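In what follows, a structure is listed as structure tokens, so that the remarks can point back to it.
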Amino acid sequence: MIERRSWVFGLVVAAFIASATPTASLAQSVPALERTAGACTSCAPDGWTISTPSPDVIVGNGPWPGGTWVVSDLAGGPREGSTLLMTLAGGSIREAVTATITGLTPGGSYELSVYYQGATLSSSAGTYVNGDFRVTVAGTTADFPTSSGDAWSEAVVPFTASGTTASVILSIRDLGTGTFGGFVAADDISVRSTVPDADGDGDPDATDCAPGDPTIFTGAPEVADDGVDQDCNGADTITCFVDADMDGFGTVAGTTTLAADGSCDTADMEATTATDCDDMAAATFPGAPETPDDGVDQDCNGADTITCFVDADMDGFGTATGTTTLAADGSCDTADMEATTATDCDDMTAATFPGASETPD
2 MIERRSWVFG
12 LVVAAFIASA
22 TPTASLAQSV
32 PALERTAGAC
42 TSCAPDGWTI
52 STPSPDVIVG
62 NGPWPGGTWV
72 VSDLAGGPRE
82 GSTLLMTLAG
92 GSIREAVTAT
102 ITGLTPGGSY
112 ELSVYYQGAT
122 LSSSAGTYVN
132 GDFRVTVAGT
142 TADFPTSSGD
152 AWSEAVVPFT
162 ASGTTASVIL
172 SIRDLGTGTF
182 GGFVAADDIS
192 VRSTVPDADG
202 DGDPDATDCA
212 PGDPTIFTGA
222 PEVADDGVDQ
232 DCNGADTITC
242 FVDADMDGFG
252 TVAGTTTLAA
262 DGSCDTADME
272 ATTATDCDDM
282 AAATFPGAPE
292 TPDDGVDQDC
302 NGADTITCFV
312 DADMDGFGTA
322 TGTTTLAADG
332 SCDTADMEAT
342 TATDCDDMTA
352 ATFPGASETP
362 D
């Protein structure tokens with residue numbers, strides 16, 4: 002439903018009643034019709050682009066930046082600091098500016114609102130008077146005629162978002178009422194949701210997982226590890242450790258990553274621990290099977306497992322039978338019944354070993 006609402010003594014009088022009460026949005030935004038650098042000719046407001054020449058911007062009610070031209074019939078009303086003025090001679094090409102609406106929810110119902118009025122731009126050479134005002138948003142176009150001495154009116158164009166952004170075009174067509182062409186002023190542009198949104202965060206109550214909290218809505222920024230699902234994806238974002246080799250153990254360097262699904266998943270290179278001494282080798286992780294004597298610490302205990310000879314009598318010499326044992330700490334230690342040689346002819350007697358003192362018969 003296209004609406005025109007007139008601004009009369011500070012009250013908005015609607016020609017039609019909307020099907021749902023619009024709510025101001027913290028999520029959706031459209032650039033204001035303002036220009037911080039001040040008045041200008043053949044220019045566009047900040048954040049807008051000229052589609053066809055030659056719109057202009059004034060500040061307040063004037064002065065007109067052209068010098069000898071005078072703006073009249075431009076009433077006070079719900080205006081911002083600047084006002085967009087569009088002139089047109091001949092009517093063959095529409096003067097137009099365009100911008101992008103951001104923060105939309107795909108499939109959401111919205112309406113674009115912009116205030117406009119006809120006015121007169123005059124000089125000794127002639128006049129530009131009124132003009133047909135056209136608003137196009139997300140492919141929906143509506144025309145709003147003006148008249149001499151018109152008050153500020155609100156042009157309202159409903160639309161359905163097909164994505165997270167949408168284009169808006171403001172343009173003018175000459176009505177043939179001036180010497181040179183048409184003239185329209187526009188200001189106070191906004192976009193709002195037309196479905197119930199109790200907290201005004203731009204996410205309809207039907208899809209908002211916390212319709213009473215404006216900081217929680219679909220796509221909201223997440224605060225990791227606080228136990229709150231700000232973006233309504235069903236989980237709080239949590240901190241995990243990077244697991245580049247996907248062996249289930251994060252790098253011992255402690256490098257972190259965020260898991261939006263609330264789970265540290267191996268398939269996503271995420272882990273809950275930072276204990277992997279070599280995160281580029283999937284076969285290396287705490288508790289991994291060791292390959293003895295290869296110089297690699299597969300189980301991340303700080304040493305490669307090595308082969309030693311059994312030293313049952315702990316005299317520092319392994320049994321001559323060559324029986325071996327594995328030393329996980331990488332050292333053949335007498336206290337662990339381990340030795341580097343297999344030369345003990347009686348490994349059950351501590352006093353018997355190569356070089357021991359002999360007892361004569």
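When we follow the working numbering, the leftmost residue of the sequence shown carries the number 2, and every step to the right adds one.
Just so it is clear, CB atoms sit at the ideal spot from N, CA and C, and this is done for glycine as well.
Given the structure is predicted, the values throughout are model-derived calculations rather than measurements.
- Collapsing the DSSP output to three states places THR219 in coil.
- Taking a 10 Å sphere around the C-beta of GLU271, we find 16 or more other C-beta atoms and assign the residue as buried.
- Residue pairing by DSSP places VAL311 opposite GLU339 in a beta bridge.
- Residue range 110-119 is occupied by the beta strand (DSSP E) that includes SER110.
- GLY251 is bridged by DSSP to ALA275.
- According to the DSSP assignment, PRO146 belongs to no beta strand (DSSP E), since it is labelled neither H nor E.
- Annotated as distal: PRO287 and THR306, with beta-carbon spacing of 8 Å or more.
- The C-beta separation of ALA100 from GLY48 comes to about 6 Å, placing the pair in contact by the 8 Å criterion.
- Beta-bridge pairing by DSSP links ALA260 to ILE239.
- Pairing ALA225 with ILE217 gives a Cβ-Cβ distance that is not under 8 Å.
- Between PHE160 and the set ARG193, ILE173, THR84, the nearest pair of CA atoms involves ARG193.
- ALA340 counts as buried, since at least 16 other C-beta atoms from the protein chains shown sit within 10 angstroms of its C-beta.
- Judged by pairs of C-beta atoms under 8 Å, the stretch 308-315 touches the stretch 337-354, as three or more such pairs exist.
- Secondary structure of ASP133 (DSSP, three-state): strand.
- With fewer than 16 neighbouring CB atoms inside 10 Å of its own CB, PRO107 falls in the exposed class.
- By DSSP's assignment, ILE173 forms a beta bridge with GLU96, PHE134.
- In this structure GLU359 is exposed. Its beta-carbon is surrounded by fewer than 16 other beta-carbon atoms within 10 angstroms.
- Secondary structure note for ALA328: its beta strand (DSSP E) is the uninterrupted segment 325-328.
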